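Note that our numbering numbers the sequence shown so that position 121 is 175, with each residue one more than the last.
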Amino acid sequence: MSTEPAKVKQFAGALVKRSRELSEVMTHWEQIVLADDLEQFIALRQRVMQFIEFRQELVRRGLEISPAAARKWGDNDADRTGRSKLNADLEALQRSYVSAPVKLTSLPTRTAMPPGTCSCLGSRRWSLSRSMSLSCGTR
C-alpha cells in the first residue's frame, strides 16, 4: 500500500468496490448452487466472507490509522495463508463444475415427474446423474 494519502484512498476505493462485487457474486451463487454442491459452497462462502471482512479492516486501517498499519495487518503469513485457502476452495469448486459436461441449475417444475428429470424432450426421459451429465432412457 502506498504511503501517499491520495493513492491510499484510490486503493481503498477499488478494494471496497471489488469486495462489494464479490459479495454480490456469492449472493447470486447461493441462489443457484446445486444441492450436491451445497456443503462445498458453504465452506467457500465462509472463506469469501472472511476475506471480505479482512479487506474491509485493511481499508479501515489504511484510511483511519496509517498505510503502515494497513501494511502490517495485510502483508503477513496469516493473510497469505487465508488467501491460499480461499484459492483452494475456489479451485475445488471450479474442478467440480469443469468435470461435469452439463450443469443445469433449474428444471421444469410443472410436471409430475420426480425432481431432476425433464420430460420436455419428446418420448424419452432425460435425467441428471450425480455428476450432472445428461443421460437418456426410453420411458
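Built from N, CA and C at the ideal position, the CB exists for glycine as well. Quantities reported herein were computed from a predicted structural model and do not represent experimental measurements.
Counting only the Cα atoms, L92 lies some 11 Å from Q85.
For the pair A142 and R101, the Cα-to-Cα distance works out to about 10 Å. In this structure, R134 keeps its C-beta atom at 7 Å or more from the C-beta atom of A124.
G67 sits exposed, since fewer than 16 C-beta atoms from the chains shown fall within 10 Å of its C-beta.
Per DSSP, A68 is one residue of the alpha helix (DSSP H) stretching across P59 to I86. A residue is called buried once 16 or more other Cβ atoms fall within 10 Å of its Cβ, and P59, having fewer, is exposed.
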